[in-house]
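Single-structure report; data block below.
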Amino acid sequence: MSDVLSLVRGAQRRLATCSSDTRSAALRALASLIASRDALIDASNQCDLADVTLAPQLRQRLRLSSAKRQELIASVTQLASWADPLGEIVTQTVLDDGLTLDKVKSPIGVVLVIFESRPDAVIQIASLAIRSGNAVVLKGGAEAAESNRVLVACVRDALAEAGLDPEAVTLVEGRAAVRELLNRDDVIDLVIPRGSNSMVRSIQESTRIPVLGHAEGICHLYLDALADTTMAVRLAVDGKCDYPAACNATETILVHASFLDRISLVCDALFSRNVEIRGDERLRSVVARAKPASDADFHTEHGALIVNLKVVDGIKEAIAHIQTYGSAHTDAICTSDVEAAERFLNEVDSASVFHNASTRFADGYRYGLGAEVGVSTSRIHARGPVGVDGLMTTRWLLRGSGQVVSEYSSGERHYKHERLKG
15 MSDVLSLVRG
25 AQRRLATCSS
35 DTRSAALRAL
45 ASLIASRDAL
55 IDASNQCDLA
65 DVTLAPQLRQ
75 RLRLSSAKRQ
85 ELIASVTQLA
95 SWADPLGEIV
105 TQTVLDDGLT
115 LDKVKSPIGV
125 VLVIFESRPD
135 AVIQIASLAI
145 RSGNAVVLKG
155 GAEAAESNRV
165 LVACVRDALA
175 EAGLDPEAVT
185 LVEGRAAVRE
195 LLNRDDVIDL
205 VIPRGSNSMV
215 RSIQESTRIP
225 VLGHAEGICH
235 LYLDALADTT
245 MAVRLAVDGK
255 CDYPAACNAT
265 ETILVHASFL
275 DRISLVCDAL
285 FSRNVEIRGD
295 ERLRSVVARA
305 KPASDADFHT
315 EHGALIVNLK
325 VVDGIKEAIA
335 HIQTYGSAHT
345 DAICTSDVEA
355 AERFLNEVDS
365 ASVFHNASTR
375 FADGYRYGLG
385 AEVGVSTSRI
395 HARGPVGVDG
405 LMTTRWLLRG
415 SGQVVSEYSS
425 GERHYKHERL
435 KG
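When you line the sequence shown up against the numbering used here, it's residues 15 to 436, in that order.
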């Protein structure tokens, strides 16, 4: 493993110092290879899906549909056209005549991404790493082994085609490799886990390396007293049914008591799509088909066609419920009351907070980030869907003309501190 990591580190340095055009060329080559190898990618994915023991939720995450493959091509193509983030000046300050300080964007370095199921994560992560000048070590789940190998081969061939080191994107397999990598804080600069709650928490507890990610996706939709009924149905159905296994799927719908006389329309739309509704006593007094919801249900990311419903007496109670049971991922309010919407947006302390929009919008590609390496509920470094900016840190570049500190401490010279940018 040491030899492998040495190659990865060297590849990262060369990737970070090559021209923006070279990295763009690698991304264009990657988009082209995904398109030209479509049949091979589909065949490898079907091979993974042939495992009859796969749980329904896992199978859904694992499936690399034609629509997903086209979305990957679009996201990589979009990233290829972006301006170079490396070296971008964040702030520029004239400390004195002939002494200018720039704060510039810089790659984090070598990123370890451990993910389960979703093979599309390979392309999302690798393309963002190439654009941002980071090397990435990928450890996917065994259930997606064939898909991951074919997709990583596309990435490495694209890098080689652009004259870059393929080792900048390296796939490792086996649990033993994970244990060793989590101990290599001398080489690995950041760990991003994408998977089950237990997997993420285990990684957070097993390494000294900074971990960026989220352990749960317990997302809420609050139907306020002044929620439009048609909109409420649309947001509830999309949030729960569009992709139930996604971390941004709606898990709990909070219902203002004044909306209770219309909630049956929302529930009927969910029932018609085979959603199991688990409700509190007040909800079940109106919706007889709903099953009882336990306290544990409100703490659960179901990842399936199951949704919790709870009746609240106002926005204050809704926000309190989210603070107690939420995971700080994504929460939304449906209302025509602008004051209530602004209160919700300001007081709900989640990575993404929406007004009159589905929780499913919490995604790097939909945010215009090109793609995402994951979603962070951390308050440090990056928060929400993590795109190129989340894979960047900053450095200070000082350009002088022979100045020394003693001239300033003695009063011979004086700082100007003129901010030119930022």
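Glycine is no exception: its CB is placed at the ideal position from the N, C-alpha and C atoms.
Secondary structure at V66, three-state DSSP: helix, strand or coil?
coil
Contact defined as beta carbons within less than 8 Å: I believe V389 pairs with H228. What is the distance between those atoms, to the nearest angstrom?
5 Å
Using 8 Å for Cβ pairs, my map puts A40 next to A172. What's the rounded Cβ distance?
5 Å
Are the beta-carbon atoms of L126 and V151 separated by less than 8 Å?
It is a contact, given that the beta carbons lie within the stated cut-off.
Whole-angstrom C-beta distance between V325 and R296, which should lie under 8 Å
That belief holds up - the Cβ atoms of R296 and V325 are roughly 4 Å apart, short of 8 Å.
First and last residue of the alpha helix (DSSP H) that includes A396?
From DSSP, A396 is part of no alpha helix (DSSP H); its letter is neither H nor E.
Look at I291 and A310 and say whether their C-beta atoms are less than 8 Å apart.
no
Considering only C-alpha positions, which residue in the set L279, H335, D238, V136 is nearest to I232?
H335
Where does C255 land, buried or exposed, given buried means 16+ other C-beta within 10 angstroms?
buried
Considering only the beta carbon of each residue, do N288 and T373 sit closer than 8 Å?
no
Quick one: what does DSSP say V18 is sitting in, helix, strand or coil?
Correct three-state label for V18: helix.
Quick check on C61: buried or exposed, where buried means 16 or more other Cβ atoms within 10 Å of its Cβ?
exposed
Whether L142 touches G384 by CB criterion (8 Å):
yes
Taking 7 Å as the limit between beta carbons, can you name the residues of its chain near L72, skipping five residues before and five after?
Cβ-Cβ distances below 7 Å link L72 to S131, E157 in the same chain, with the five nearest sequence neighbours on each side left out; the list follows chain order.
DSSP three-state call for R42: helix, strand or coil?
helix
Please name the residue, chosen from C168, S33, E102, that lies closest to S58 on a Cα-to-Cα basis.
Selected option, being the one with the closest Cα: C168.
Give the secondary structure of A149 by DSSP, where H, G and I count as helix, E and B as strand, and everything else as coil.
strand
Within the same chain, show all residues whose beta-carbon is closer than 7 Å to that of A49, passing over the 5 residues directly before and after it, in chain order.
I87
May I ask you to list the residues that DSSP assigns as paired with W410?
K117
Runs of beta strand (DSSP E) lying entirely within the region 125-209, each at least 3 residues, in chain order:
149-153, 183-186, 204-208
Excluding the 5 residues preceding and the 5 following L115 in the sequence, name in chain order all residues of the same chain whose CB lies nearer than 6 Å to its CB.
T107, L109, L412
Beta-carbon separation (whole angstroms), S146 vs P99, contact threshold 8 Å
6 Å
Going residue by residue through the region 290-348, where are the continuous alpha helix (DSSP H) segments of at least 4 residues, counting only ones entirely within it?
Fully contained in the region 290-348 are the following alpha helix (DSSP H) runs of length 4 or more, in chain order: 295-298, 309-312, 329-339.
What's the gap between the Cα of G209 and the Cα of G112?
51 Å
With a threshold of 16 other CB atoms inside 10 Å of the CB of G404, please say whether the residue is buried or exposed.
buried
Nearest-angstrom Cα separation, counted from T67 out to A97
Straight-line spacing of the CA atoms in A97 and T67 works out to 45 Å.
Let's test the definition: count the other Cβ atoms within 10 Å of the Cβ of P133 and tell me whether it reaches 16, buried, or not, exposed.
With 16 or more neighbouring CB atoms inside 10 Å of its own CB, P133 falls in the buried class.
Taking Cβ to Cβ, would you say L249 is nearer than 8 Å to A346?
Against a cut-off of 8 Å, the Cβ pair of A346 and L249 comes out as a contact.
How far does the alpha helix (DSSP H) with E432 in it reach, from first residue to last?
Premise fails: E432 lies in the beta strand (DSSP E), 432-435, not in any alpha helix (DSSP H).
Sufficient close CB pairs (3 or more, under 8 Å) joining the region 17-36 to the region 118-125:
yes
Do you know offhand how far V419's Cα is from T408's?
24 Å
Using DSSP with H/G/I as helix, E/B as strand and the rest coil, what is E265?
strand
Taking all protein chains shown into account, decide if S89 is buried (16 or more other Cβ within 10 angstroms of its Cβ) or exposed.
If you draw a 10 Å sphere on the C-beta of S89, you find 16 or more other C-beta atoms in it, and that means buried.
On a CA-only basis, which of I223, T221, S286 is nearest V251? Give me that one, please.
If we check each option's Cα against that of V251, S286 comes out closest.
Is the separation between the beta-carbon of R222 and that of D199 shorter than 8 Å?
yes
Between the CA atoms of V166 and L63 - distance to the nearest angstrom:
18 Å
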